[in-house]
Amino acid sequence: MASKLDFMRFPAPDGVNGWWESLPPAAPAKGVTDEQRFDFVVVGGGITGLCAARRLAELAPDASIALVEADRIGRSTAGRNSGFFVDLPHDISSESYSRSVEADKADVRLQRHGIDYVRSTVKTYGIDCDWRDDGKYHASVNKKGHAALTHFADGLARIGEACEWLDENAIAKVTGTRFYQSALFTPGCSTVQPAALMRGLAATQPSNVTVFEMSAVKGMETRGQTKLLSFANGTIEAQRVVLCTNAYAATFGGHPNGLLPVYTFASMSRVMSDEEIARLGGTNSWALIPADPMGTTVRRLATNRICVRNHFAFRPNLSVSEGDLAKAKHLHQRSFDRRFPMLKDVELQYTWGGALCLSANNGALFGQRDDGVYEAVGCNGLGLSRGSAAGKLIAEHALGQSNDLINQLLQQPHPRSLPIRPIADVAVSAAIWVKEFSAGAEL
Ligand SMILES: Cc1cc2nc3c(=O)[nH]c(=O)nc-3n(C[C@H](O)[C@H](O)[C@H](O)COP(=O)(O)OP(=O)(O)OC[C@H]3O[C@@H](n4cnc5c(N)ncnc54)[C@H](O)[C@@H]3O)c2cc1C
1 MASKLDFMRF
11 PAPDGVNGWW
21 ESLPPAAPAK
31 GVTDEQRFDF
41 VVVGGGITGL
51 CAARRLAELA
61 PDASIALVEA
71 DRIGRSTAGR
81 NSGFFVDLPH
91 DISSESYSRS
101 VEADKADVRL
111 QRHGIDYVRS
121 TVKTYGIDCD
131 WRDDGKYHAS
141 VNKKGHAALT
151 HFADGLARIG
161 EACEWLDENA
171 IAKVTGTRFY
181 QSALFTPGCS
191 TVQPAALMRG
201 LAATQPSNVT
211 VFEMSAVKGM
221 ETRGQTKLLS
231 FANGTIEAQR
241 VVLCTNAYAA
251 TFGGHPNGLL
261 PVYTFASMSR
271 VMSDEEIARL
281 GGTNSWALIP
291 ADPMGTTVRR
301 LATNRICVRN
311 HFAFRPNLSV
321 SEGDLAKAKH
331 LHQRSFDRRF
341 PMLKDVELQY
351 TWGGALCLSA
361 NNGALFGQRD
371 DGVYEAVGCN
381 GLGLSRGSAA
391 GKLIAEHALG
401 QSNDLINQLL
411 QQPHPRSLPI
421 RPIADVAVSA
431 AIWVKEFSAG
441 AEL
């Protein structure tokens, strides 16, 4: 089938990514500047595209592969997140949760498959990204949160996953704050400095992968058996294309594809002094998820910074305003002050936003989209672990392999289309507002 694809939305400078800023300066970017040919082009240098390009190269060592990224690798969404590689289902705390044990176990298998792939790459190449297999804490601040954690623990027991309860004193010993009333520790989550990981994954691609940054694909046309991708300063002709553009693949208007670009926001503190660290107490690195998914995620980093994330906003045009960032910073400061009253003088140095790719039914796009065109898009909230798995598996699928995990992804629901704008805008924003309101004290 002939295809023409216009890329309509591109990454924007949405605040200042603290993970990227706190790394040494990056080497200059190599962009697409003339007419080139490759066997494969992977579009999107997030976690999904980085894993897809690597896996293609591993399985087809004689093929030439281009990985093209509109921004710098590590500066856009995959390098903007809180760095949790989550292995377990995220949402089993709800009383109305009704998925089967088999479906949950299959998700855990998939997520661990992704984590294992990235972990082994990090170890093999010695990627310096603060990779930690230290688990995570789910913490509650009141009875409602504790009840949610109890449901979560029940859900974990149902699928045979271990967890450990911490009371108020035990979680305070970890975090240094008495803000939390109880917590559940789950050991299988890994954490990372996301910008360092993405840079490291790009720098250690096999030799048959050429990485192009600051190179946004503007359009793609079919020419006989090949695809022609156009950029501002050149073209790439390729036999096959793998799309890993996540939220930037969302379409609206006449043919909405049901993908919803929803921003979430993070702030990172400046480096704390020895005296401030002593005032805080606790251990020097921990990762905490709120009992309510709309609450505040917090990480204490071994670099002596604290990173907080909360607040969601539906932004179909894939950029946020100064007002959005100011609001997010205000909310982050409030969350920081409530948790860390002993750190009143520690200001938040960086604030940024990044686009998740959600859908009304947790659907995602995976598989062959067209002759020679594959896609792995829409990994929702667990994008690091699911994106790693989806990237690796879309490469295997494109090379004709078949296995249970590929079948699992092929069978997942497609994103459900919503009414077209502006009705969708109002509905999605209202749903976010209601959920944030109900998160209340966990914010
Ligand atoms: C503040 C924040 C905290 C988060 N915390 C977590 C967390 O702790 N754990 C977790 O699992 N997830 C988290 N997420 C979500 C996670 O970051 C995403 O799910 C993940 O980045 C998805 O990876 P991806 O590679 O599929 O997509 P992306 O990371 O969005 O990568 C897509 C890439 O495609 C590029 N691109 C788009 N259009 C083009 C084009 N035309 N040409 C070339 N390149 C293009 C983009 O620049 C982008 O780099 C968080 C997100 C944010 C914003």
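Under the UniProt record's numbering, the first residue of the sequence shown carries the number 1, and numbering increases by one thereafter.
For each residue, glycine too, the CB sits at the ideal point set by N, CA and C.
- With a cut-off of 8 Å, the C-beta of T210 is classified as distant from ligand 1, since no heavy atom of the ligand falls inside that distance.
- Checking the 8 Å criterion, the Cβ of N317 is out of range of every heavy atom belonging to ligand 1.
- Along the stretch 105 to 170, the beta strand (DSSP E) occurs as fully enclosed runs of 3 or more residues at 136 to 140 and 164 to 166, listed in sequence order.
- Not a single heavy atom of ligand 1 lies less than 8 Å from the C-beta of C163.
- In the DSSP secondary-structure assignment, A376 is bridged to F366.
- Going by C-alpha positions, C129 is about 18 Å away from G188.
- Secondary structure at I73: coil, using DSSP grouped into helix, strand and coil.
- Looking at the DSSP output, Y263 shares a beta bridge with A313 and A355.
- Contact fails between the stretch 258 to 270 and the stretch 66 to 73, because fewer than three Cβ pairs, one in each stretch, are under 8 Å apart.
- Around M198, the same chain offers I73, G74, A78 and G79 as residues with beta carbons nearer than 6 Å, after the five sequence neighbours per side are excluded.
- Between K392 and G176, the gap from beta carbon to beta carbon reaches 9 Å or more.
- Rounded to whole angstroms, the gap between the alpha carbons of N17 and L356 is 15 Å.
- Secondary structure note for L5: it is in no alpha helix (DSSP H), and the uninterrupted beta strand (DSSP E) holding it is K4 to D6.
- Between the alpha carbons of V174 and M342 lies a gap of roughly 15 Å.
- Proximity to R132 across S120, V141, S140 and A139 peaks at S120, based on C-alpha coordinates.
- Counting only runs of 3+ residues, no beta strand (DSSP E) is found wholly inside the stretch 10 to 35.
- Its chain contains no residue whose beta carbon lies nearer than 7 Å to that of K144 once the 5 sequence neighbours on both sides are disregarded.
- Sequence-distant partners of L399 (beyond 5 residues in either direction) whose C-beta falls short of 8 Å from its own C-beta, in its chain, are L56, L59 and A60.
- T251 is the residue among T251, A364 and Q193 whose C-alpha sits nearest the C-alpha of L5.
- Beta-bridge partners of A238 (DSSP): F38 and K227.
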